[in-house]
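**Q**
There are 2 protein chains.
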Amino acid sequence: MITDPFDTGPTGRFRTLCRTYPDDTVFRGADGFRPLWGPVFYRGRANGTARLLVVGQDPAQTEAFTRRILSGQAGRRVQGFVEKLGFTHGYLMVNAFLYGIFNQDMALPHLNDPEVVAYRHRWFAAALAPGRIEAVVTFGTPAFQAWRTFVTSPEGSGVSVFHQRALHPTADKPGGPISRRDLLDNWNVALERLHDRLGTPDVAQPLVPYGADFAPGELPEIPSRDLPAGIPAWMRSTDFWATLGNPPGNERANITVEVPAP
Amino acid sequence: MITDPFDTGPTGRFRTLCRTYPDDTVFRGADGFRPLWGPVFYRGRANGTARLLVVGQDPAQTEAFTRRILSGQAGRRVQGFVEKLGFTHGYLMVNAFLYGIFNQDMALPHLNDPEVVAYRHRWFAAALAPGRIEAVVTFGTPAFQAWRTFVTSPEGSGVSVFHQRALHPTADKPGGPISRRDLLDNWNVALERLHDRLGTPDVAQPLVPYGADFAPGELPEIPSRDLPAGIPAWMRSTDFWATLGNPPGNERANITVEVPAP
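So the sequences go chain by chain: Y and S.
Numbering-wise (the UniProt record's numbering), the first sequence opens with residue 1 and increments by one.
Numbering-wise (the UniProt record's numbering), the second sequence opens with residue 1 and increments by one.
(1) Classify alanine 212 of chain S as helix, strand or coil using the three-state DSSP reduction.
(2) Only counting the same chain, and skipping five residues up and downstream in sequence, which positions put a Cβ closer than 7 Å to that of asparagine 186 of chain Y?
(3) Strictly below 8 Å CB to CB, what residues from chain Y border asparagine 47 of chain S?
(4) Using the Cβ count rule (16 or more neighbours within 10 Å means buried), how would you classify alanine 118 of chain S?
(5) What residue from Y:Met1, Y:Ala30, Y:Val40 has the CA that sits closest to glycine 9 of chain Y's CA?
(6) Could you name the residues of the stretch 22-39 of chain Y whose beta carbon sits closer than 7 Å to any beta carbon of chain S, in the order they occur along the chain?
(7) Name, please, each residue of chain S whose Cβ falls closer than 7 Å to the Cβ of glutamate 258 of chain Y.
(8) Three-state secondary structure (DSSP) at glycine 199 of chain S?
(9) Counting only Cβ pairs nearer than 8 Å, list the residues of chain S close to proline 201 of chain Y.
(10) Quick check on threonine 3 of chain S - is its C-beta less than 8 Å from some C-beta in chain Y?
(11) Could you spell out where the alpha helix (DSSP H) holding glutamine 79 of chain S opens and where it closes?
(12) How should glycine 140 of chain Y be labelled, buried or exposed, when 16 other C-beta atoms within 10 angstroms of its C-beta is the threshold for buried?
(13) As an exercise, report each continuous alpha helix (DSSP H) stretch of at least 4 residues that is fully enclosed by the UniProt domain "Uracil-DNA glycosylase-like" (47-146) of chain S, in chain order.
(14) Once DSSP output is grouped into helix, strand and coil, what is the label at isoleucine 233 of chain S?
(15) Compute every distance between the C-beta of arginine 34 of chain S and the non-hydrogen atoms of the ligand FAD, then say whether any falls below 7 Å.
(16) Taking CB distances under 8 Å as the criterion, tell me whether isoleucine 69 of chain Y reaches chain S.
(17) Strictly by DSSP, which residues pair up with alanine 166 of chain Y?
(18) Quick check: is the beta carbon of arginine 236 of chain S nearer than 8 Å to any beta carbon in chain Y?
(19) Could you tell me whether the Cβ of arginine 165 of chain S comes closer than 8 Å to any Cβ of chain Y?
(20) Which residues, taken in chain order from the stretch 207-228 of chain Y, show a beta carbon closer than 7 Å to some beta carbon of chain S?
(21) If you follow the beta strand (DSSP E) that leucine 244 of chain S is in, where does it begin and where does it stop?
(22) For a contact meaning CB atoms closer than 8 Å, what does arginine 19 of chain Y contact in chain S?
(23) Is it right to say proline 142 of chain S is buried, meaning 16 or more other beta carbons lie within 10 angstroms of its own, or is it exposed?
(24) Using beta-carbon positions only, say whether alanine 50 of chain S and alanine 127 of chain S come within less than 8 Å of one another.
(25) With a threshold of 8 Å on Cβ separation, who are the neighbours of asparagine 250 of chain S within its own chain once the five nearest residues in sequence on each side are excluded?
(26) Along the alpha helix (DSSP H) that carries glycine 12 of chain S, what are the first and last residues, could you check?
(27) Looking at the C-beta of glycine 56 of chain Y, does it have a partner C-beta in chain S at a distance below 8 Å?
(28) What residues from chain S crowd round glycine 9 of chain Y, counting only those whose CB sits closer than 7 Å?
(29) Please report the straight-line C-alpha distance between phenylalanine 240 of chain Y and alanine 261 of chain Y, rounded to a whole angstrom.
(30) Please state the DSSP three-state secondary structure of threonine 149 of chain Y.
(31) For arginine 13 of chain Y and chain S, any beta-carbon pair shorter than 8 Å?
(32) Go through its chain and collect everything with a Cβ distance to proline 209 of chain S's Cβ below 6 Å, but skip five positions before and after it.
(33) For phenylalanine 14 of chain S and leucine 92 of chain S, what's the separation of their Cα atoms in angstroms?
(34) Tyrosine 42 of chain S and leucine 98 of chain S - do their beta-carbons sit closer together than 8 Å?
(35) Which class does arginine 186 of chain Y belong to by DSSP, given the choice of helix, strand or coil?
(36) Going by other Cβ atoms of all chains shown within 10 Å of its Cβ, with 16 needed for buried, is aspartate 7 of chain Y buried or exposed?
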């Protein structure tokens with residue numbers, strides 16, 4: 001028998017936000033978004049119990065299948081990050097953008113479009129409303145800017161929760177200016193600052209920094225309790241099983257899901 | 001804004017059944033099943049409010065994506081059927097098999113394997129427990145046999161709920177012995193018998209039988225309230241967007257999801 005817990009779904013304000021959300025007149029294909037794959041809302045505890053708020057960027061093809069954000073390569077890296085802080089489940093992850101992006105140059109300038117902001121702020125407000133969030137970590141520049149926009153807005157004016165920025169989990173592009181080591185150095189600094197602020201981890205443990213590269217244990221599986229019922233184990237413990245095709249840099253690109261070789 | 005209701009998920013006994021279920025030692029690849037895609041549990045009201053119980057056969061590639069049974073071609077035909085009975089949402093659909101099948105000749109003989117039966121009977125018992133189910137309709141021979149097995153078992157011995165069998169929703173295979181007209185004649189008989197037994201439809205309306213073929217309105221969209229949050233509208237109102245590939249008649253076949261042409 002399989003006895004995996006699963007995400008029983010959003011409650012309260014979070015549930016409302018999954019029922020009423022901006023459409024493709026806000027996240028437009030002509031602006032580099034992929035509204036055709038539908039919104040992907042969150043991962044983790046959308047029920048008011050989260051104590052760590054994680055902000056990412058936008059969902060990709062893996063997330064179009066799992067219907068939870070940060071469940072592919074970037075997601076497993078982020079999962080390792082929060083688990084280093086002793087957060088095995090007491091987190092809520094949301095993205096700066098509700099829909100996927102196929103062209104960043106076109107889409108990123110819309111980060112602060114009024115309707116994009118208004119909806120995102122409702123998520124931030126819902127996350128903070130129970131008064132349990134002890135820290136916020138933003139991954140990547142759009143996430144950082146999204147949080148800055150919030151705390152400098154009327155809705156976020158009274159918010160004093162600790163915020164730490166960190167590089168995007170896949171900032172170390174091959175041939176790019178940021179190396180794997182640069183990424184992990186940046187994350188080590190972020191971890192240290194966050195570790196001091198988080199008083200109630202799920203598991204109290206000393207902080208172990210990253211080395212020169214991700215160790216296998218630093219890329220844990222996506223917990224079954226973060227995903228819908230029945231998502232098979234291989235989707236949580238491997239990556240790159242969902243690929244964009246035909247052509248990939250396109251609003252209408254298809255997605256192929258392939259079981260990895262045994 | 002999109003304001004679609006979504007399925008907020010199974011509750012009570014149904015929730016337990018989505019957390020504890022047979023694995024690939026019961027539904028084996030060597031027996032023609034596709035456990036690699038994970039189980040797909042139900043569609044509709046897994047919360048004790050259903051008054052009509054629908055039994056289908058097994059999930060396919062569309063259902064692997066939506067994570068709800070009967071959401072592809074067969075599902076839209078069944079949706080039209082239950083809506084003719086005035087059931088727009090007061091139904092629960094479950095399958096005879098928890099996992100997909102890639103080879104029926106290999107898999108169907110396992111319909112009554114002890115662990116397959118034990119788990120399926122827990123779903124039937126959970127569906128009947130609130131005492132609200134007024135009728136059961138089984139689509140196809142495996143579903144019919146599954147229900148027969150239940151009502152002749154110790155667990156089902158006191159069950160007297162009305163049962164009606166009907167042909168499988170895609171029994172009209174091209175070149176096969178059953179024509180579209182045969183299928184719809186069979187369904188018209190089933191509809192008439194069920195209509196008399198169902199005292200509390202969601203919408204009271206006269207029964208309108210099928211003609212020689214499905215009319216467009218007889219293939220309604222899968223209601224958003226039956227699917228997870230954020231599933232885009234085109235996945236509910238079109239079909240054949242998910243295809244098996246490489247090679248299709250294989251346990252490990254991949255799935256490609258393609259947005260239909262506008």
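Quick reminder that beta carbons are idealized off the backbone N, C-alpha and C, glycines included.
**A** This is what the structure holds:
(1) Residue state, collapsed to three classes: coil.
(2) Beyond the five residues adjoining it in sequence on each side, asparagine 186 of chain Y comes within less than 7 Å, by CB distance, of Ala166, Leu167 in the same chain, given in chain order.
(3) Simply none; closest approach about 12 Å.
(4) exposed
(5) The shortest Cα separation from glycine 9 of chain Y among Y:Met1, Y:Ala30, Y:Val40 belongs to Y:Val40.
(6) Pro22, Asp23, Leu36, Trp37, Gly38, Pro39
(7) Asn254
(8) Residue state, collapsed to three classes: coil.
(9) Those within 8 Å of proline 201 of chain Y in chain S number zero; the least Cβ separation is about 25 Å.
(10) yes
(11) Where glutamine 79 of chain S is concerned, the enclosing alpha helix (DSSP H) starts and stops at 73-84.
(12) buried
(13) Secondary structure in the UniProt domain "Uracil-DNA glycosylase-like" (47-146) of chain S: the alpha helix (DSSP H) runs of 4 residues or longer, each lying completely within the stretch, are 61-66, 73-84, 104-107, 114-128 in chain order.
(14) Inspection of the sequence shows that residue 233 of chain S is occupied by alanine rather than by isoleucine. Note: alanine 233 of chain S maps to helix in three-state DSSP.
(15) By its list of ligands, the structure shown contains no ligand whatsoever, and the ligand FAD lies outside what it can speak to.
(16) Not closer than 8 Å to any Cβ of chain S, the Cβ of isoleucine 69 of chain Y fails to qualify, so no.
(17) Y:Phe139
(18) no
(19) no
(20) Contact residues of the stretch 207-228 of chain Y toward chain S are Pro228 (C-beta to C-beta distance below 7 Å).
(21) 242-245
(22) Thr3, Asp4, Pro5, Phe6, Ala229
(23) Proline 142 of chain S is buried by the Cβ-count criterion.
(24) yes
(25) Phe102
(26) Glycine 12 of chain S -> alpha helix (DSSP H) spans 12-17.
(27) no
(28) Thr8, Gly9
(29) Take the alpha-carbon of phenylalanine 240 of chain Y and the one of alanine 261 of chain Y: they are about 12 Å apart.
(30) helix
(31) no
(32) Sequence-distant Cβ neighbours of proline 209 of chain S in its own chain, meaning closer than 6 Å and more than five residues away, are Asn188.
(33) 11 Å
(34) no
(35) Checking the sequence, you will find asparagine at residue 186 of chain Y rather than arginine. Helix, per DSSP.
(36) buried
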